[in-house]
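**Q**
Protein chains: 2
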Amino acid sequence: MTEPTRRAPLSADPLPASGAWRPGDPVGDRRFVTLPPERAFVLEGGGVLRGVTVAYETWGELDADAANAVLVCHALTGDSHAAGRSGPGHPTEGWWDALIGPGRALDTDRWFVVCANVLGGCQGTTGPASTDPATGRPYGSSFPVVTIRDMVRTQAAVADELGVERWLAVVGGSMGGMQSLEWGVMYPERVGGVAAIATTPAASAQQIALSSVQRSAIVLDPRWRGGDYYDAEPGDGPHMGLAVAREAAQISYRTEAVFNERFGRKELDPLDDRYTLWQRFDVEGYLDYHGAKLARRFDANSYLVINRAMDLHDLGRGRGGLERALARVTAPVFTLAIDSDTLYPPYQQQLIHETVRSLGGDATHVEISSPDGHDAFLLETEAVAGALVPFLNQLEKGDR
Amino acid sequence: MTEPTRRAPLSADPLPASGAWRPGDPVGDRRFVTLPPERAFVLEGGGVLRGVTVAYETWGELDADAANAVLVCHALTGDSHAAGRSGPGHPTEGWWDALIGPGRALDTDRWFVVCANVLGGCQGTTGPASTDPATGRPYGSSFPVVTIRDMVRTQAAVADELGVERWLAVVGGSMGGMQSLEWGVMYPERVGGVAAIATTPAASAQQIALSSVQRSAIVLDPRWRGGDYYDAEPGDGPHMGLAVAREAAQISYRTEAVFNERFGRKELDPLDDRYTLWQRFDVEGYLDYHGAKLARRFDANSYLVINRAMDLHDLGRGRGGLERALARVTAPVFTLAIDSDTLYPPYQQQLIHETVRSLGGDATHVEISSPDGHDAFLLETEAVAGALVPFLNQLEKGDR
Numbered sequence: 054m055t056e057p058t059r060r061a062p063l064s065a066d067p068l069p070a071s072g073a074w075r076p077g078d079p080v081g082d083r084r085f086v087t088l089p090p091e092r093a094f095v096l097e098g099g100g101v102l103r104g105v106t107v108a109y110e111t112w113g114e115l116d117a118d119a120a121n122a123v124l125v126c127h128a129l130t131g132d133s134h135a136a137g138r139s140g141p142g143h144p145t146e147g148w149w150d151a152l153i154g155p156g157r158a159l160d161t162d163r164w165f166v167v168c169a170n171v172l173g174g175c176q177g178t179t180g181p182a183s184t185d186p187a188t189g190r191p192y193g194s195s196f197p198v199v200t201i202r203d204m205v206r207t208q209a210a211v212a213d214e215l216g217v218e219r220w221l222a223v224v225g226g227s228m229g230g231m232q233s234l235e236w237g238v239m240y241p242e243r244v245g246g247v248a249a250i251a252t253t254p255a256a257s258a259q260q261i262a263l264s265s266v267q268r269s270a271i272v273l274d275p276r277w278r279g280g281d282y283y284d285a286e287p288g289d290g291p292h293m294g295l296a297v298a299r300e301a302a303q304i305s306y307r308t309e310a311v312f313n314e315r316f317g318r319k320e321l322d323p324l325d326d327r328y329t330l331w332q333r334f335d336v337e338g339y340l341d342y343h344g345a346k347l348a349r350r351f352d353a354n355s356y357l358v359i360n361r362a363m364d365l366h367d368l369g370r371g372r373g374g375l376e377r378a379l380a381r382v383t384a385p386v387f388t389l390a391i392d393s394d395t396l397y398p399p400y401q402q403q404l405i406h407e408t409v410r411s412l413g414g415d416a417t418h419v420e421i422s423s424p425d426g427h428d429a430f431l432l433e434t435e436a437v438a439g440a441l442v443p444f445l446n447q448l449e450k451g452d453r
Numbered sequence: 054m055t056e057p058t059r060r061a062p063l064s065a066d067p068l069p070a071s072g073a074w075r076p077g078d079p080v081g082d083r084r085f086v087t088l089p090p091e092r093a094f095v096l097e098g099g100g101v102l103r104g105v106t107v108a109y110e111t112w113g114e115l116d117a118d119a120a121n122a123v124l125v126c127h128a129l130t131g132d133s134h135a136a137g138r139s140g141p142g143h144p145t146e147g148w149w150d151a152l153i154g155p156g157r158a159l160d161t162d163r164w165f166v167v168c169a170n171v172l173g174g175c176q177g178t179t180g181p182a183s184t185d186p187a188t189g190r191p192y193g194s195s196f197p198v199v200t201i202r203d204m205v206r207t208q209a210a211v212a213d214e215l216g217v218e219r220w221l222a223v224v225g226g227s228m229g230g231m232q233s234l235e236w237g238v239m240y241p242e243r244v245g246g247v248a249a250i251a252t253t254p255a256a257s258a259q260q261i262a263l264s265s266v267q268r269s270a271i272v273l274d275p276r277w278r279g280g281d282y283y284d285a286e287p288g289d290g291p292h293m294g295l296a297v298a299r300e301a302a303q304i305s306y307r308t309e310a311v312f313n314e315r316f317g318r319k320e321l322d323p324l325d326d327r328y329t330l331w332q333r334f335d336v337e338g339y340l341d342y343h344g345a346k347l348a349r350r351f352d353a354n355s356y357l358v359i360n361r362a363m364d365l366h367d368l369g370r371g372r373g374g375l376e377r378a379l380a381r382v383t384a385p386v387f388t389l390a391i392d393s394d395t396l397y398p399p400y401q402q403q404l405i406h407e408t409v410r411s412l413g414g415d416a417t418h419v420e421i422s423s424p425d426g427h428d429a430f431l432l433e434t435e436a437v438a439g440a441l442v443p444f445l446n447q448l449e450k451g452d453r
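Here is the structure:
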C-alpha cells in the first residue's frame, strides 16, 4: 500500500505557535519608531492602539534636502525587508531585492529607499502578536481592525522620524499599491509621485470573496483558538489553517497556463497499485511548499487583519467616491498592469489611470506582458524596472 | 459595537453529522440496483467494494427497441435528481430540470432519460456514508478511492438492469462530461453519441490545485475526525470544512465580471462606527449561503472522494495517451465550451474536438457566450439546449 495515506504534514520540526518576529529575536536590519504611548492612535474602524511601534528598513543615504526619499510599500505577506539577504531576523531574502540597490531601479546610490512593516503585521510593527501594554499579553483576538489608511498614517510617523517632509515617490504593488494611492490622497503635499502596480482603487467582489475564504480556512483550524494561540506549544499553532489560506491565495497569484507548463499532471507521490486521497500531484507539492513556507514566517492573526484591510480598501469611502478621492492627488500617478493578472486585472489600474486623466492629473499607464499573473509584480523585475525607472527619473528631474 | 464579531454560523438548526441520504430516509424518485454481493467490485485504484448499490432516476418511457435511452451524468455535487421538484428525499430541485421533461431539450416524450448518483456519492449510491457490509458500520475513512472509470462501470450495471444495451447518447457537464467521454472510450459499442460540456480530457494542474485546497479545508475541520464522524451529534459534523470547500469552489464556478455586477462592494453587515473582522460584504453572504446549503445536503467524505476522482481523470491514463484513448470512440462526439469558463476553459473542449477530428471521428463543437463562467452549463439552459438538441436529433435520425 502506497504512502502517504494522510495529508502531508507541514514540517518535520514543530513550528512555534506563531511565525511572528518578537522582541528578543535578532533585529536584523530593522529600525523602529514608537509613537508616544500617551497619545491614542485611533483607527479608522474605531479601535484604539497605544504606543504603536513601526519597524522599517532603509537603503542608501538621505540627501541634505531630504528630497531623495522613496517609500516602498509591501503586499499582504511582505515586510520591511524589501532588499537584502536572508539571515538572522530575516527569514527570507528581500522581496524586491532585484529592484533595490546600487544601480538598480530603485538606485540606492541616488535615492534613500525606505520600507516599513505595515500596521497589523508580524515583523516588528505592532500587530496581533504584539504585547498589549494594557494587559502585558499578546493582543490576539482583541487586536482591532486596521485599514490601509491606518497603515499609511503609521508610515507618516516614519517619515517624520526620518525628517522626510515629502517623498520623491511612494511605490507599491498589490496591497503596496493601495498604500501608495492612499498616500497620494491623504497626504498630497508629502508625495512627489505615486506608483501603483497591479493594484486596485477598491477591492472587488472577487477579491473580497477570495480573501473571505482564506480567512475562513484560518478560523477552521482548531489551533487558531479564537485568535488567542500565542502560548501554544511548538507545533500547536494555527499553521495548517494559515497554510491552506496561502495555498488558496497562491493559485490566484499565478495563471492556469503557467501551472500547465510547470506542473501539468506530473505526480509527486506516484500512483501505483493502490490509490489514496493523499498521493500528491506535483502542483500539490508546490502548494504544500508555499503553505509551509509562509506558516514558518508569518502570523495567522496578522494574515486575518491585513487581508481584511485589503477588503476594506476603497479610495472613495467617506470621500464622495473615487473621482473626488483622486481629485485630491496632486502628484503624478504611474500605474502598471500585468496582462495575465486575473486577481488584479488590468481594468482596475486603467480605471485609476483614466480617472486621474479625466481630472486633468498627470497620469502614466504601462501594461506589461507576462505569463505569471499577479505575481509578475515580484517576478518580472526587469519589466517592472523598465517601466518604473523613467517615471522615477522624471520625478527626480522635476519634469513632472 | 457592531455584530457580528465572529464568523457567521452555518445555520440556526444543528445539521446532522452528514448530509448524506441514508436508507430509511424518504426514497423520493430513486430506484436502486445492487450488484451481486458475492462478486467483488475491484476499483481502478486497487480498492474493493462488495454489494455496490446505485441509485438512479428515470424520466419518460423506454421504447420497445430500448433505443431511445439517454444517460445524463452529474457533476461533483449533483445527484440522480436531474429533474423534478424538491420534496421528501430530494433536498433540491432537479439540477437540469429546465432541460429534462416533455418538450424540453431532453424530451421525455421521445426519450427515456436516466441519471444515476455516482459511486462515492451520498444520495443513495454506495459511498463513504454507506454501511460497509464487512463491519456493519459506515465506511468513513476506509472508503476506497474511486475514479471516473469506476463510476462509469456502475452506470453500465444500471444500463444492464434497465435493458439498455446501447445509449442513444451519454450527456454530461463538468464531471458529468468526464463520464460521458469515458463511456465513449470504455464502451464504444454501447454509446450512440457522446456529449461533453464544459469538461476536460484530463484534469489540469489548476483544477487539481483548486481541488486540493478544497480537500485541505475539509481535513482542517476537527469535526471531520479523520473521516469517521458519522456518529457525531447534530451540529458536530464537518459542515464548516465542507462549507469552506464549497465557498472556494463557488468562486471558481463564476466570473469576476458577474461578481462585480451582482455584489460589487455592497455590505451585508453594514460597517458603522466599529469595524470587525466578521462584518460581511454581500459577496461573503452569498458564499455563506452556498456553503451552508451544500453542508445541509452533502457528505464531506463524498466531497473528498469525488473531488479526488476528478483530479485522477485522464482519458489517456494507461491507454497510451489521449489520442489512443479517443481513437477507441466510435460515437459522434459533441463538445460545448463556455467562453467565460476559467475553470474548464474552452481550449480543453477544443482539444477533445480537434483530437477526435484528427482521428477522422465525427465531431461537433459549439462555444456559447455567457457571463456566468463554468456554472453556465447549469444556468444557460436555453443556450445549452439550443446547441445540444440538433446533435440529439441527428443521433435519433441516425444521421450520424
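These protein sequences, in sequence, are chains A and B. Numbered per the working numbering, the first sequence finishes at 453, counting up by one with no gaps. Numbered per the working numbering, the second sequence finishes at 453, counting up by one with no gaps. Don't be surprised by glycine CBs; every beta carbon is placed ideally from N, CA and C.
#1: Could you tell me the boundaries of the alpha helix (DSSP H) in which T207/B lies?
#2: Mind listing the chain A neighbours of P385/B? Cutoff is C-beta to C-beta under 8 Å, in chain order.
#3: In angstroms with no decimal places, state the Cα-to-Cα distance between S64/B and A345/B.
#4: Give the residues from the segment 187-209 of chain B that approach chain A closer than 7 Å (Cβ to any Cβ), ordered along the chain.
#5: Quick one: list the residues of chain A neighbouring D274/B, beta-carbon separation under 7 Å, in chain order.
#6: Pull up the DSSP beta-bridge partners for Y109/A, would you.
#7: Could you please give the first and the last residue of the uninterrupted alpha helix (DSSP H) stretch that includes H292/B?
#8: Nearest CA to the CA of G288/A: which residue from K319/A, R349/A and R327/A?
#9: Quick check on this structure: which residue in A310/B, V244/B and L445/B has the alpha carbon closest to the alpha carbon of P398/A?
#10: Give me the chain B residues within the contact set of A151/A, using Cβ-Cβ distance strictly less than 9 Å, ordered along the chain.
#11: Taking the C-alpha atoms as reference points, what is the distance between A128/A and G225/A?
#12: Consider the Cβ of E56/B: report whether some Cβ of chain A lies at a distance smaller than 9 Å.
#13: Would you please verify whether the beta carbon of I405/A is less than 9 Å from any beta carbon of chain B?
#14: What residue does the alpha helix (DSSP H) around L263/B start on, and which one ends it?
#15: Please look up how many angstroms separate the CB atoms of A402/A and L389/A, rounded, as I've assumed it's under 8 Å.
#16: Among residues of its own chain, excluding the 5 on either side of V86/A, which ones have a beta-carbon nearer than 6 Å to its beta-carbon?
#17: Return the residue from the list G131/B, R361/B, W331/B and Y283/B that minimises the CA-CA distance to P69/B.
#18: Name, in chain order, the residues that DSSP records as bridge partners for C175/B.
#19: Using a 10 Å radius around the Cβ and a threshold of 16 neighbouring Cβ atoms, would you call D392/A buried or exposed?
#20: Just to confirm, is the Cβ distance from F351/A to F444/A under 9 Å?
#21: Answer yes if the segment 314-324 of chain A comes into contact with the segment 269-276 of chain A, meaning at least three C-beta pairs across the two stretches below 8 Å, and no otherwise.
#22: Please report whether the beta-carbon of S257/A lies at a distance below 9 Å from any beta-carbon of chain B.
#23: Which residue marks the beginning of the beta strand (DSSP E) containing F334/B, and which one marks its end?
#24: The beta strand (DSSP E) with A440/A in it runs from where to where?
#25: Taking the alpha helix (DSSP H) that A23/B belongs to, which residues open and close that run?
#26: So, E110/A versus C168/A, is the Cβ gap smaller than 9 Å?
#27: With 8 Å as the C-beta to C-beta threshold (strictly closer), list the residues of the segment 258-270 of chain B near chain A in chain order.
#28: Answer with buried or exposed for P291/B, where buried requires no fewer than 16 other C-beta atoms within 10 angstroms of its C-beta.
#29: What three-state label does DSSP hand W236/B in the structure shown?
#30: Taking the straight line between their C-alpha atoms, what separation do you get for R60/A and G72/B?
#31: Have a look at G280/B, D185/B and L375/B and flag the residue whose alpha-carbon is nearest the alpha-carbon of S194/B.
#32: Quick check on M54/A: does DSSP put it in helix, strand or coil?
#33: Can you name the residues that DSSP bridges to L102/B?
#34: For a contact defined as C-beta to C-beta under 8 Å, what are the partners of E495/A on chain B?
#35: Is A70/B close to chain A? Criterion is C-beta to C-beta, closer than 9 Å.
#36: Please decide whether F85/B counts as near chain A, where near means a Cβ-Cβ distance under 9 Å.
**A** So, from the data block:
#1: I201 to L215
#2: Contact of P385/B with chain A by beta-carbon distance below 8 Å is absent, the smallest such distance being about 27 Å.
#3: Rounded to whole angstroms, S64/B to A345/B spans 7 Å at the Cα level.
#4: V198
#5: L273
#6: R84/A and A169/A
#7: H292 to Y306
#8: R349/A
#9: A310/B
#10: Result: empty, since nearest Cβ-Cβ is about 26 Å, beyond 9 Å.
#11: Each residue's Cα considered, the two are about 8 Å apart.
#12: Confidence at E56/B is low in this model, with a pLDDT of 48, below 50, so the placement of that residue should be treated as unreliable; the coordinate-derived value is given next. With 9 Å as the cut-off, E56/B does not count as an interface residue toward chain A.
#13: No, I405/A lies away from the interface with chain B (no Cβ there is under 9 Å from its Cβ).
#14: Unbroken alpha helix (DSSP H) run through L263/B: A258 to L273.
#15: Position check: residue 402/A holds Gln in this sequence, whereas Ala was assumed. 7 Å between Cβ atoms; contact.
#16: Leaving aside the five residues that flank V86/A on each side, the residues in its chain whose CB is nearer than 6 Å to its CB run, in chain order, V107, A210, V211 and E214.
#17: The candidate whose alpha carbon is nearest that of P69/B is Y283/B.
#18: Answer is none; C175/B lacks a bridge partner.
#19: The Cβ neighbour count for D392/A, taken over all protein chains shown within 10 Å, is under 16; the residue is labelled exposed.
#20: no
#21: no
#22: yes
#23: Segment: none, F334/B is in no beta strand (DSSP E) and carries neither H nor E.
#24: Taken as a continuous stretch (DSSP letters only), A440/A belongs to no beta strand (DSSP E), being part of the alpha helix (DSSP H) at T434 to K450.
#25: Look at the range of chain B in this structure, 54 to 453, and you will see that residue 23/B is not part of it.
#26: yes
#27: Taking 8 Å as the Cβ-Cβ cut-off against chain A, the residues of the segment 258-270 of chain B that qualify are A258, Q259, I261, A262, L263, S265, V266, R268, S269 and A270.
#28: buried
#29: helix
#30: 24 Å
#31: When C-alpha distances from S194/B are compared across G280/B, D185/B and L375/B, the shortest belongs to G280/B.
#32: Confidence in M54/A is poor, its pLDDT being 33 and thus under 50, which makes the residue's placement unreliable; the coordinate value appears in the next sentence. Collapsing the DSSP output to three states places M54/A in coil.
#33: F94/B
#34: Past the edges of chain A, shown from 54 to 453, lies residue 495/A, and the structure says nothing about it.
#35: no
#36: Not closer than 9 Å to any Cβ of chain A, the Cβ of F85/B fails to qualify, so no.
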